[in-house]
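*Asks:* According to our numbering, the sequence shown is numbered sequentially starting from 25. Okay, handing you the structure first.
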Amino acid sequence: MMISIHVFRTLAFLAILIVVGCTSTTEEKNDLSWIQLFNGDDLEDWIIKISKHELGENFANTFRVEDGLMKVRYDGYEDFDQQYGHIFYKEPFSHYLLRVEYRFVGDQAPGGEGWAFRNSGAMLHSQNPQTMLKDQDFPISIEGQLLGGDGENERTTSNLCTPGTHVVMNGELFTPHCVSSSSKTYHGDQWVTAEFLVLGDSIVYHILEGKSVISYEKPQIGGGNVHPVDPEVKIDGTPLTSGFISLQSESHPIDFRKVELVDLSRVKNSKTQLDAALIQLGYGDFTSLD
25 MMISIHVFRT LAFLAILIVV GCTSTTEEKN DLSWIQLFNG DDLEDWIIKI SKHELGENFA
85 NTFRVEDGLM KVRYDGYEDF DQQYGHIFYK EPFSHYLLRV EYRFVGDQAP GGEGWAFRNS
145 GAMLHSQNPQ TMLKDQDFPI SIEGQLLGGD GENERTTSNL CTPGTHVVMN GELFTPHCVS
205 SSSKTYHGDQ WVTAEFLVLG DSIVYHILEG KSVISYEKPQ IGGGNVHPVD PEVKIDGTPL
265 TSGFISLQSE SHPIDFRKVE LVDLSRVKNS KTQLDAALIQ LGYGDFTSLD
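What follows is the structure in structure tokens.
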């Protein structure tokens with residue numbers, strides 16, 4: 025059947041529109057940028073939960089913003105008294121890159137445990153802070169443990185701790201509470217950049233200086249090291265497909281100057297698009313993850 029030149033040109037034009045539309049959609053999905061979770065001015069987008077206090081109560085001004093930094097301080101404490109605190113970003117995420125710049129400063133609060141010296145954490149896939157009990161010490165979560173050196177001894181950072189959770193490592197369920205990473209030690213008050221690549225309940229990487237220092241798979245609710253806890257929330261075996269991000273107050277002063285995130289949820293269902301996004305963001309070493 026003969027097709028007129030007019031019809032042919034119309035079909036060709038429509039084909040070009042379709043190709044351009046598909047290309048624009050793909051580029052838009054891969055055009056991912058860093059979102060500043062901490063704006064440097066206030067804590068308006070954050071939710072505070074400190075053990076032994078009600079949700080939203082910033083006891084003794086523990087969390088504050090000064091000089092463009094999110095600071096954790098204890099000058100209003102007479103005794104730390106296991107008043108562990110966490111500050112949660114207001115919304116949950118499932119697939120993301122998280123970057124945190126931190127430094128430990130000053131002296132530990134009176135009454136802080138020895139293990140909490142220069143100790144904090146970035147809590148990943150945390151439970152909703154509204155579901156935490158008043159006296160609950162830690163949220164059910166996966167912790168990227170942040171540790172500072174004492175000036176003499178080796179002490180890794182970006183370790184893994186598991187309050188109320190388990191993970192799979194080397195093909196087996198990992199049940200101990202904490203395991204050290206392969207990082208170097210960061211002594212003194214120097215700024216450290218910790219990054220975390222979290223892909224739902226499939227795989228998580230802790231990254232320092234562009235390299236993975238620990239990785240694990242299949243984060244899930246389980247185990248102990250969180251108390252007290254609502255049994256209707258802590259259902260062991262439940263996969264942690266998403267959750268909130270929170271930063272810790274564990275008795276040692278710490279500053280955060282940057283908390284930023286790339287939301288990868290738009291490309292989570294396409295391995296090709298996810299790999300392209302990671303390459304675009306400079307994380308090509310972490311492509312083709314199962």
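Ideal Cβ positions, reconstructed from N, Cα and C, are used throughout, including at glycine.
Are the CB atoms of Gly168 and Leu197 nearer to each other than 8 Å?
*Replies:* No.
*Asks:* On the CB-based measure, 16 or more other CB atoms within 10 Å of its CB, does His30 come out buried or exposed?
*Replies:* The predicted position of His30 is uncertain, since its pLDDT is 44 and thus under 50; a value taken from the coordinates is nonetheless stated next. With fewer than 16 other Cβ atoms within 10 Å, it is exposed.
*Asks:* If you reduce the DSSP assignment to three classes, tell me which class Asp174 lands in.
*Replies:* DSSP places Asp174 in coil when its eight states are reduced to three.
*Asks:* Classify Arg142 as helix, strand or coil using the three-state DSSP reduction.
*Replies:* Correct three-state label for Arg142: coil.
*Asks:* Per DSSP, which residues does Thr217 bridge with? Please list them.
*Replies:* Glu125, per the DSSP bridge assignment.
*Asks:* If distances are taken between C-alpha atoms only, which option among Gly100, Phe112 and Ser75 comes closest to Glu68?
*Replies:* Here the closest residue by C-alpha is Phe112.
*Asks:* Classify His181 as helix, strand or coil using the three-state DSSP reduction.
*Replies:* One point to set straight first is that residue 181 is Thr, not His, in the sequence displayed. Looking at Thr181 - three-state DSSP - the assignment turns out to be coil, as it is neither helix nor strand.
*Asks:* Taking only the alpha-carbon atoms, compute the straight-line gap between Ile278 and Gln272 and give it to the nearest angstrom.
*Replies:* Going by the C-alpha atoms only, they are around 9 Å apart.
*Asks:* Taking the alpha carbon of His211 as the reference point, which residue from Leu223, Val89, Asp91 and Thr180 has its own alpha carbon closest?
*Replies:* The shortest C-alpha separation from His211 is found at Thr180.
*Asks:* Under a three-way DSSP split, which group does Glu52 fall into?
*Replies:* The predicted position of Glu52 is uncertain, since its pLDDT is 47 and thus under 50; a value taken from the coordinates is nonetheless stated next. Reduced to three states, the DSSP call for Glu52 is helix.
*Asks:* For the alpha helix (DSSP H) that Gln297 lies in, which residues bound it at each end?
*Replies:* Its alpha helix (DSSP H) spans residues Lys295 to Leu305.
*Asks:* Flag this pair as touching only if the region 243-256 and the region 111-130 have three or more C-beta atom pairs under 8 Å; answer yes or no.
*Replies:* No, the region 243-256 is not in contact with the region 111-130.
*Asks:* Looking only at C-alpha atoms, which of Gln304, Glu81 and Tyr126 sits nearest to Gln214?
*Replies:* Here the closest residue by C-alpha is Tyr126.
*Asks:* For a quick check, are the C-beta atoms of Lys258 and Gly188 less than 8 Å apart?
*Replies:* For Lys258 and Gly188, yes; Cβs fall inside 8 Å.
*Asks:* Residues in the same chain with beta-carbon distance under 6 Å from Glu241, minus the five sequence neighbours each way, listed in chain order, please.
*Replies:* Excluding sequence neighbours, Glu241 sits near Val192 and Ile227.
*Asks:* Ser204 to Leu56, Cα distance in whole Å?
*Replies:* Rounded to the nearest angstrom, the two C-alpha atoms are 31 Å apart.
*Asks:* Touching or not, the region 144-162 and the region 95-110, by the rule of three or more beta carbon pairs under 8 Å?
*Replies:* The answer is yes - the region 95-110 touches the region 144-162, with three or more Cβ pairs under 8 Å.
*Asks:* Just checking my contact of Ile71 with Glu81 at CB under 8 Å: how many whole Å lie between their CB atoms?
*Replies:* Contact flag wrong, Cβ pair sits at about 11 Å.
*Asks:* Is it the case that the Cβ atoms of Ile238 and Glu219 are separated by a distance below 8 Å?
*Replies:* Their beta carbons are not under 8 Å apart, which means Ile238 does not touch Glu219 by this criterion.
*Asks:* When you compare the CB positions of Leu280 and Met94, do they come within less than 8 Å of one another, or not?
*Replies:* Residue 280 is actually Phe in this sequence, not Leu. For Phe280 and Met94, yes; Cβs fall inside 8 Å.
*Asks:* So what's Ser289 in DSSP terms, helix, strand or just coil?
*Replies:* Correct three-state label for Ser289: helix.
*Asks:* Need the endpoints of the beta strand (DSSP E) that Trp58 sits in, please.
*Replies:* Where Trp58 is concerned, there is no enclosing beta strand (DSSP E), given that its DSSP letter is neither H nor E.
*Asks:* Beta strand (DSSP E) containing Ser273: first to last residue?
*Replies:* Start and end: Phe268 to Ser273.
*Asks:* Do Leu305 and Leu171 have their CB atoms nearer than 8 Å?
*Replies:* In this structure, Leu171 does not lie closer than 8 Å to Leu305 by Cβ.
*Asks:* Per DSSP, what kind of secondary structure is Gln106 in: helix, strand or coil?
*Replies:* Gln106 falls in the coil class under three-state DSSP.
*Asks:* Starting from Ile72 and walking both ways along the beta strand (DSSP E), at which residues does that stretch end?
*Replies:* Taken as a continuous stretch (DSSP letters only), the beta strand (DSSP E) holding Ile72 covers Trp70 to Ile74.
*Asks:* DSSP three-state label for Pro263, please.
*Replies:* Looking at Pro263 - three-state DSSP - the assignment turns out to be strand.
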